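Here's the structure, in structure tokens; my notes come after.
In this note's numbering, the protein residues as written are 2 to 256.
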């Protein structure tokens, strides 16, 4: 049975202010459709390779066993899905994303053997309206996805719904460094360096100006944990990466 949409509030993900959901959803689809073939190169350059370390920590935090079904939300070009497949060898991984062009890149990686024999399926999915039955997945992973969703509470409720009792959510996203000095330096990096690298890699800085704004408007570690708690998760925790530039959040559906 599908959950009624009790979370109708939506925001502009670039500002955090109330706005129609279609505004942010259409913008995200347009940006990522245009940069899909260069997204991985941008990640490598803009993070100076640190995103690989964050990904490794995320996979380590995922409580995935060989009989488990994993849903990767906002799976993009497949980094998380393939890393989980290679490291944890689950029964199946579903790599989902709102943007078909991103999944086209992921499929190409799968055809080249990125999953090392683990079944990985691909589907266009809006995480705010997940097309799977209740209690379907043992683990849900999500990297850099929640920040781009205008109805975040709805997305978390949908993730909770499709998780099996006791199932785990592992969420990696940019965050807020606790150190005031580090946070100030990070703010300068977001405003100036991220758009610069975006223009170098893709030839267009506009999407990366949005990226910078969305990171600055995204709740801090405590704020994300509070959203998860409000959605009904328990056993909520987080681990900062690179001084809080990014954060890995974990939570479970009550058993």
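All residues carry an ideal CB built from backbone N, CA and C; glycine is no exception. None of these values were measured; they are calculated from a predicted model.
If you compare the alpha carbons of 90, 41, 68 with that of residue 110, the shortest gap goes to 41. Membership of residue 129 in any beta strand (DSSP E) is not indicated, and neither H nor E is assigned to it by DSSP.
Put simply, the backbone Cα of residue 68 is about 20 Å away from that of residue 115. Assignment of residue 194 by DSSP, reduced to helix, strand and coil, places it in the helix class. Secondary structure in the segment 36-66: the alpha helix (DSSP H) runs of 4 residues or longer, each lying completely within the stretch, are 40-47, 51-62 in chain order. In the three-state reduction of the DSSP assignment, residue 86 falls in the helix class.
When DSSP states are grouped into helix, strand and coil, residue 231 belongs to the helix group. Counting C-beta atoms within 10 angstroms of its own C-beta, residue 98 has 16 or more neighbours from the protein chains shown and is therefore classed as buried.
The beta carbon of residue 161 lies closer than 7 Å to those of 232, 233, 234, 254 in the same chain, with the five residues before and after it left out. Inclusion of residue 94 and residue 107 in the CB contact set at 8 Å is not warranted, their separation being larger than that value.
In the DSSP assignment, residue 209 falls within the alpha helix (DSSP H) that extends over 207-218.
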